[in-house]
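Per our numbering, the sequence shown runs over residues -14 to 597.
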Amino acid sequence: MCGIIGFVGCEEAAPILLDGLERMEYRGYDSAGIAVRSETKGLQVKKCKGRLKVLSELTHGGADLEGTLGIGHTRWATHGEPNDINAHPHISENGQIALVHNGIIENYLEIKEHLMKLGVTFTSDTDSEVVAQLLEFHYNECHNMLEAVGRVLRRIEGSYALGIVCSDYPNALIAARKDSPLIIGYGENGNFIASDVTAIIKHTRDVVYMGDGEIAVLTADSVDVFDDEMVPLEKKHSTVDWDVSAAEKGGYAHFMFKEIMEQPEAIRKTISPRIREGRVVLDDVSVTAEYVQDISRIFIIACGSSYHVGMVSKYNWERLLRRPVQVDLASEFRYSDPLVDEHSLVVVISQSGETLDTMAAMREAKRRGARTLAIVNVVGSSIAREADDVLYTWAGPEIAVATTKAYSTQLVLMDLIGLYLADLLGTVEKSEYDDILVEVQALPEKMQSFLDHFEDVQYFASRYFNHNSIFFIGRNLDYAMGLEGSLKLKEISYIHSEAYASGELKHGTISLIEPGTLVVALGTYAALFDKAMSNVVEVKARGAEVLAVTTKSFQEKMEKTADSTIVVPDTHPILQPSLGVVPLQLFAYYVALQRGCDIDKPRNLAKSVTVE
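Dropping the structure here:
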């Protein structure tokens, strides 16, 4: 989850490192640090607890550290509490090696105990320092840094992205990667490593994605990449084609609000290339009608908001495809001995394409013979490279920890895939296929029409922000949509929030409803609107305050019962969650704003989850 950046070139490294860390602070903000090497001052390390601003002030914007070779890190704590000592970079005992790490070393305790018996002294509680001390141990044995790195990688278990500098190698930056993202950037005035392209887009668009087990040696004017046997590799270069302003706020107060407002355009970019002459065209998917006919079960595997996309898609795909669809949390799937075989289609959804649980689940599915289809936002990411087929959501960079436009683009892309597969199966009537496709293309405009006039959402947030517990209720697609609305609220406002299937209220949950409890009632799914209304009446009878979300068609009926009502445009039923989720995102945003929360960087959370 942490952010790594490294630079070697002909410019001062520290300001470049701090700027890159600022652009990656969404990956972790418990502490931050940089290490820079110069010919005159040697290895200089500055690190501290807290936000990056503290480190920037401590180093006067990097001016205090001279040198053109360095590494930086912004941390999301896993081992050891956030403090100055546990912050990265970690330094070997003799002070010659500095290292930054993203991931988890699973056998760190065993290695640490072994090194301590040999007299090595540790200063931190982290698993990452173990790598630095082990590296010094092997370097003292072989006196060759590249060989020492290879020996370390053969001993450690777990996930890692590593950036390493050594006093004995004043012109070289070493990187290594396994199950944690790391890219190499090729610049005019030097070369880079980074966890995310956002950190270096200001300097270069020419990047290479490191693969598992690979090691790279960067100098100011060269990059050499090796496999785990130290065999040189020729890597494919990629060009980043989005504008640098996409990773900046552009006048908005928060990235989250900016990204909510970008959703119509993000959806347009996701759907437009895939609809031609009235058909869904997925050029990057190689499945045949014969293969689809032979599918016995579809699995959708994801985490967090992507899992909620899967929940919506389960309802829609089963309706369209008439095939059983199972949605699994990635962290549960891989340990559940799943009933997956060569007749299974496994769809994995991940914004970053690096989510460790999702990647491991996909590998397990492939091991059991399943065909895998990945839905990701990051071109060249690990999941994208390893899946049998991949489709990209063209959402652009998403900086806020709480996802909005990534969720929306995943959702609409899954709808397109559902239509495509149903067409291959012959399980959708042409009239409905055409109706859905027309409405898919109208989604950006309808979403924009809502975003042009959402003052009522802002008002309701100011009215309800002081509630300590909020419940979302809905049926079918509304229930699945409520899961995402509830997550958005709890992750950025820290209000206890839960989503329930409305029909389950009477089976226990209604005992939590008392006078004054806020219930967000979702009534956008036309087929079950009357039943949804009965549940609104049910909670009202127990004293609940009801904030409802419904469509223009049902506005009049809902307003007769609910205390407050938010209205979204009508669309085809399977697409309604794409519009219904927008007021839930805005409600969460404005509630968090009223409560004075750090919206883009909520406590204890990071954007890209690359640990179990």
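Here a beta-carbon is modelled for each residue, glycine too, at the ideal position from N, C-alpha and C.
| Check | Outcome |
| --- | --- |
| From Phe514, Val531, Arg308 and Ser207, residue whose alpha carbon lies closest to that of Leu409 | Arg308 |
| Any beta strand (DSSP E) of 3 or more consecutive residues that is wholly inside the region 99 to 151 | 145 to 151 |
| Nonlocal neighbours in the same chain, by C-beta distance under 7 Å from Val442, ignoring five residues either side | Ile551, Pro568, Leu571, Phe572 and Tyr575 |
| For Thr111 and Gly65, the rounded distance between their alpha carbons | 5 Å |
| Leu103 classed as buried or exposed, judged by whether at least 16 other C-beta atoms fall within 10 angstroms | exposed |
| Buried versus exposed call for Glu378 [16 or more other C-beta atoms within 10 Å across all chains shown] | A small fix is needed here, since residue 378 is Thr in this sequence, not Glu. So Thr378 ends up on the buried side. |
| Integer Cβ distance of Ala157 from Leu203, believed to fall under 8 Å | 7 Å |
| Reduced DSSP secondary structure (H/G/I, E/B, other) of Gln439 | One detail in the question is off: residue 439 reads as Phe in this sequence, not Gln. Reduced to three states, the DSSP call for Phe439 is coil. |
| Proximity to Leu462 [Cα-Cα], best of Glu523, Glu78 and Val534 | Val534 |
| Buried/exposed call for Val596, threshold 16 Cβ in 10 Å | For Val596, the predicted model reports a pLDDT of 48, less than 50, meaning its position is unreliable; a value from the coordinates is still stated below. Counting Cβ neighbours within 10 Å, Val596 comes out buried, since at least 16 surround it. |
| Limits of the beta strand (DSSP E) - the one that Ala201 falls within | Glu199 to Leu203 |
| Reference Tyr510; option with closest CA among Pro554, Leu100, Ser478 and Gly493 | Pro554 |
| Opening and closing residue of the alpha helix (DSSP H) in which Asp4 lies | Ala(-2) to Arg8 |
| Residue closest to Val265, alpha-carbon to alpha-carbon, out of Lys431, Gly403, Phe318 and Phe445 | Gly403 |
| Span of the beta strand (DSSP E) around Pro249 | Careful: Pro249 lies outside any beta strand (DSSP E), inside the alpha helix (DSSP H) at Gln248 to Ile256. |
| Beta-carbon proximity check, Asp181 vs Val386, cutoff 8 Å | no |
| Limits of the unbroken alpha helix (DSSP H) element including Asn520 | Phe514 to Ala526 |
| Inter-residue Cα distance where the pair is Pro74 and Val30 | 7 Å |
| Spatial distance of Ser223 from Leu267 (CA atoms) | 22 Å |
| Identity of the residue in Ile168, Tyr276, Pro258 and Leu422 nearest Val364 by Cα | Ile168 |
| Bridge partner(s) assigned by DSSP for His86 | Leu147 |
| Contact under 8 Å by Cβ, Ala72 with Thr44 | no |
| Collapsed DSSP secondary structure at His239 in the structure displayed | coil |
| Exposed unless 16 or more other CB atoms sit within 10 angstroms - verdict on His123 | buried |
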